[in-house]
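Here the protein sequences come in this chain order: W and D.
Position in the first sequence counted from 1, then plus 503, gives you the working numbering.
Position in the second sequence counted from 1, then plus 503, gives you the working numbering.
Beta carbons are placed, not taken as given, at the ideal position from N, Cα and C, and that holds for glycine.
None of the values given here were measured: they were computed from a predicted structure.
To start, the structure under review is shown below, and the notes come after it.
There are 2 protein chains.
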Amino acid sequence: MIEIEARKQAPSRTARLDAVFAALADPTRRAIIERLSRREARVTEVAEPFQMSLNAVSKHIRVLEASGVVERHRKGRDHILSINTRSLDEVDVWIGLMRRYWEERLDAMERLLRELKKEHKLSPKERSKDRRHGSR
Amino acid sequence: MIEIEARKQAPSRTARLDAVFAALADPTRRAIIERLSRREARVTEVAEPFQMSLNAVSKHIRVLEASGVVERHRKGRDHILSINTRSLDEVDVWIGLMRRYWEERLDAMERLLRELKKEHKLSPKERSKDRRHGSR
Chain W
504 MIEIEARKQA
514 PSRTARLDAV
524 FAALADPTRR
534 AIIERLSRRE
544 ARVTEVAEPF
554 QMSLNAVSKH
564 IRVLEASGVV
574 ERHRKGRDHI
584 LSINTRSLDE
594 VDVWIGLMRR
604 YWEERLDAME
614 RLLRELKKEH
624 KLSPKERSKD
634 RRHGSR
Chain D
504 MIEIEARKQA
514 PSRTARLDAV
524 FAALADPTRR
534 AIIERLSRRE
544 ARVTEVAEPF
554 QMSLNAVSKH
564 IRVLEASGVV
574 ERHRKGRDHI
584 LSINTRSLDE
594 VDVWIGLMRR
604 YWEERLDAME
614 RLLRELKKEH
624 KLSPKERSKD
634 RRHGSR
């Protein structure tokens with residue numbers, strides 16, 4: 504029951520996670536994010552290092568804007584792109600949560616292993632048997 | 504030059520990031536990861552809470568396996584699925600790097616703002632002018 508409740512997220516949050524992860528699943532789009540993370544830039548500046556048409560880069564930029572990762576504002580005649588610094592927060596929280604789950608599991612396994620080792624030490628009969636079977 | 508060098512990653516790392524982000528861009532697949540992060544499970548157990556065919560869930564599981572996020576091993580007649588705890592590390596590193604970039608930028612903006620405030624305080628003429636213009 505708890506698991507089912509936990510999965511019942513507001514649809515908007517789920518949709519946002521879908522869009523951000525899909526936006527990040529492309530090397531050109533990640534390179535654009537890397538560039539904009541250092542400083543904001545004009546569309547033409549962003550497109551410059553890529554060996555593809557301005558139109559192709561613009562399509563990637565539109566995907567990034569739709570996901571909320573990249574924002575656009577006008578400065579005179581220029582379109583300036585920048586990163587929405589909040590956009591990766593939800594993604595970060597989600598990955599952090601998963602990591603916490605499995606780190607807890609790894610900790611539990613480690614504890615179990617330590618207990619087994621301790622039991623092993625407390626049973627010298629078992630140890631001598633091990634030696635006879637040729638363990639180092 | 505530095506930027507171009509930084510973007511020259513081993514193709515395998517880029518491909519892995521593409522695959523993991525694409526795998527995460529679906530709510531069913533994220534729910535499967537959430538479940539498996541708590542404990543390993545049989546394919547049928549994983550499929551159980553979803554209102555879709557076992558075949559449809561199996562397709563999602565295959566995407567997760569191809570991305571390296573989920574692993575499968577056999578225990579007698581059962582196929583057991585588990586999380587590869589290392590799989591999200593690269594994703595985590597990438598997001599952490601982006602975050603570091605823009606946190607540095609936010610810090611720099613904050614320093615600038617603090618300096619501007621200090622300058623403002625050191626110029627009482629400007630302050631009295633402000634007051635006359637009716638700022639609170």
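Open item on the list: If the criterion is Cβ atoms closer than 8 Å, does the pair V572(D) and V523(D) meet it?
Closed with: yes
Open item on the list: On a Cα-Cα basis, can you pick out the residue from K578(W), R533(W), L520(W), R519(W) that is closest to A544(W)?
Closed with: K578(W)
Task: Close Cβ partners of L539(W) (< 8 Å) along its chain, the five nearest in sequence each way excluded - done: V549, V573, L584, S585, I586
TODO: Over the uninterrupted beta strand (DSSP E) stretch that includes S585(W), give me the two end residues.
DONE: 581–586
Open item on the list: I'd like the span of the alpha helix (DSSP H) that includes G622(W), first residue to last.
Closed with: According to the sequence provided, residue 622(W) is Glu. The question's Gly does not apply to it. It spans 592–625 - the alpha helix (DSSP H) in which E622(W) sits, taken as one unbroken run.
Task: Residues of the segment 519–536 of chain D whose Cβ lies closer than 9 Å to any Cβ of chain W, in chain order - done: L520, D521, A522, V523, F524, A525, A526, L527, A528, D529, P530, R533, A534, I536
TODO: Can you tell me which of Q554(D), L567(D), R602(D) puts its alpha carbon nearest to the alpha carbon of L591(D)?
DONE: L567(D)
Task: Proximity test, Cβ basis, 8 Å: D610(D) and chain W - done: no
Open item on the list: Within a Cβ cutoff of 6 Å, which residues of the same chain sit near V560(W), ignoring the five residues on either side of it in sequence?
Closed with: A550, F553
TODO: Kindly list, in the order they appear in chain D, the residues whose Cβ is closer than 9 Å to that of T517(W).
DONE: P530, R533
TODO: Go ahead and pull the three-state DSSP assignment for R575(W).
DONE: strand
TODO: Name the two residues that bound the continuous alpha helix (DSSP H) containing R565(D).
DONE: 557–570
Open item on the list: Let me make sure I understand the geometry here. Which of V546(W), S556(W), H576(W), M612(W) has the alpha-carbon closest to that of R542(D)?
Closed with: M612(W)
- [ ] Kindly confirm or deny that the segment 527–538 of chain D and the segment 529–538 of chain W touch, where touching means at least three C-beta pairs closer than 8 Å.
- [x] no
TODO: Report the rounded CA-to-CA distance for V546(W) versus R608(D), giving the unit in angstroms.
DONE: 20 Å
Open item on the list: If I measure Cβ to Cβ from I598(W) and keep anything under 8 Å in the same chain, skipping five residues before and after, which residues do I get?
Closed with: none
TODO: Kindly indicate if chain D contains any beta-carbon less than 8 Å away from that of M504(W).
DONE: With a pLDDT of only 43 at M504(W), under the threshold of 50, the placement of this residue in the model should not be trusted, and no figure is reported.
TODO: For L584(W), decide whether its Cβ has a neighbour in chain D, counting only Cβ atoms nearer than 8 Å.
DONE: no
Open item on the list: Just to confirm before moving on: does the CB-CB distance between E593(W) and L527(W) stay below 8 Å?
Closed with: no
Task: Residue range of the unbroken alpha helix (DSSP H) whose run includes P530(D) - done: 530–541
TODO: Please state whether DSSP places R516(D) in a helix, a strand or coil.
DONE: helix
TODO: Give a yes or no on whether the minimum CB-CB distance between R614(D) and chain W is below 8 Å.
DONE: no
- [ ] Evaluate S556(D) with the Cβ neighbour count: other Cβ atoms within 10 Å of its Cβ, from every protein chain shown; 16 or more gives buried, anything less gives exposed.
- [x] exposed
TODO: Determine the burial state of R532(W): buried for a count of at least 16 other Cβ atoms within 10 Å of its Cβ, exposed for fewer.
DONE: buried
TODO: Report yes or no: is there a C-beta of chain W within less than 8 Å of the C-beta of V573(D)?
DONE: no
Open item on the list: Tell me which residues share the same chain as H582(D) and place their Cβ nearer than 6 Å to its Cβ, disregarding the 5 neighbours each side in the sequence.
Closed with: V546, R575
TODO: Ignore the nearest five residues each way along the sequence and tell me which others in D595(W)'s own chain have a CB closer than 6 Å to its CB.
DONE: none
- [ ] Can you pull the chain D residues whose beta carbon is under 8 Å from the beta carbon of L591(W), in chain order?
- [x] I598, M601, R602
TODO: Run down chain D in chain order and give the residues with a C-beta less than 9 Å from the C-beta of T547(W).
DONE: Ordered by position in chain D, no residue passes the 9 Å Cβ test against T547(W), which lies about 16 Å from the chain.
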